[in-house]
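Note that the numbering used here numbers the sequence shown so that position 68 is 90, with each residue one more than the last.
Backbone N, C-alpha and C define an ideal beta-carbon position, used for all residues, glycine too.
Since the model is a prediction, treat every value here as computed from it, not as a measurement.
Structure first, then comments.
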Amino acid sequence: MVKVTIIGRVSDGMPLAQGPRHVVHHDDVLTTYKQQAEFILKEISLQALPSSNMTILVDHQYCFNYMVENGICYLTLCESSYPRKLAFHYLQDLRQEFERLDRSLVDRVTKPYTFIKLDTIIGNITKQYVDTRTQANLSKLNAHRQKDLVIGTQELSLITERRRRVEMIERMMEAHISTSPIWESKRLEIIALKWTPITILLIVTGVLVWTGLILQDDFR
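So this is what it looks like as structure tokens:
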């Protein structure tokens, strides 16, 4: 069953719309999962996660599924037992509705969850996917059964740990530059301003590649 839904802009990680707000606001557990969804959206915007169909394993009970189309991320939290193929049909339905909006308006949004009117639309689409045994949903599950979805899988705990390490390295680099007397020289300061971002980028890239290799080993 679908629990939390967020539609967001990939370029900056801005959440644009969500499912019915009263459902999340009155459930502390779902509020935590919503924060995790926003974190995943931000990771996608930072290119720390791929812009392709993905499943993010949260715990034994829930997982996130997301897809990215035309710079927009459609993300939902489902029970782990919920058919993944059906979850992505749900995301496709969301995409079709969202793309009815004026794209120039979508690009100008500066406030999170601006498209409040989409709450009801998302809620109505969600209701169609509650019961996996309806004729419509069974037809979606049985259609093109020979064609499996190409979907990557990662664990939220590993993604969170990777972000923690990246931020730790960035803080260490900034602290070293601010406290080291070698940068008191104006010339060296110019060199630092030029090369430090490049050095940080190389280190962060190295961490991401290293983590990616670990993830590949874990899922073999």
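Let me make sure I understand the geometry here. Which of the options has the alpha-carbon closest to that of residue i?
i, options, result
"residue 117", "60, 140 and 105", "140"
"residue 83", "51, 69, 142 and 127", "51"
"residue 81", "73, 178 and 153", "178"
"residue 110", "90, 38, 129 and 55", "90"
"residue 101", "55, 197 and 174", "55"
"residue 147", "126, 120, 127 and 125", "120"
Which same chain residues end up closer than 7 Å to residue i when comparing Cβ atoms and leaving out the 5 residues on each side of it in sequence?
i, result
"residue 59", "26, 28, 86, 97 and 99"
"residue 145", "41 and 42"
"residue 151", "24, 108, 112 and 159"
"residue 36", "30, 131 and 134"
Compute the Euclidean distance between the alpha carbons of residue i and residue j, then round it to the nearest angstrom.
i, j, result
"residue 164", "residue 114", "17 Å"
"residue 69", "residue 32", "9 Å"
"residue 240", "residue 78", "Any reading at residue 240 is ruled out, since the residue's pLDDT is 47, under 50, leaving its predicted position unreliable."
"residue 181", "residue 57", "14 Å"
"residue 64", "residue 34", "7 Å"
"residue 73", "residue 66", "7 Å"
"residue 94", "residue 175", "20 Å"
"residue 75", "residue 106", "11 Å"
"residue 156", "residue 162", "10 Å"
"residue 129", "residue 92", "12 Å"
"residue 172", "residue 143", "28 Å"
"residue 196", "residue 62", "25 Å"
"residue 127", "residue 194", "40 Å"
"residue 122", "residue 53", "28 Å"
Where do the ends of the beta strand (DSSP E) carrying residue i lie?
i, result
"residue 87", "84–91"
"residue 35", "No beta strand (DSSP E) contains residue 35, which DSSP labels as neither H nor E."
"residue 174", "174–177"
"residue 79", "76–79"
Within the same chain, show all residues whose beta-carbon is closer than 8 Å to that of residue i, passing over the 5 residues directly before and after it, in chain order.
i, result
"residue 104", "23, 24 and 154"
"residue 49", "none"
If you drop the 5 nearest sequence neighbours on each side, which residues of the same chain put their C-beta closer than 6 Å to that of residue i?
i, result
"residue 39", "29, 137 and 140"
So the alpha helix (DSSP H) residue i belongs to, where does it begin and stop?
i, result
"residue 113", "106–120"
"residue 98", "First-last for residue 98: 94–101, but that is the beta strand (DSSP E), not the alpha helix (DSSP H)."
"residue 144", "140–150"
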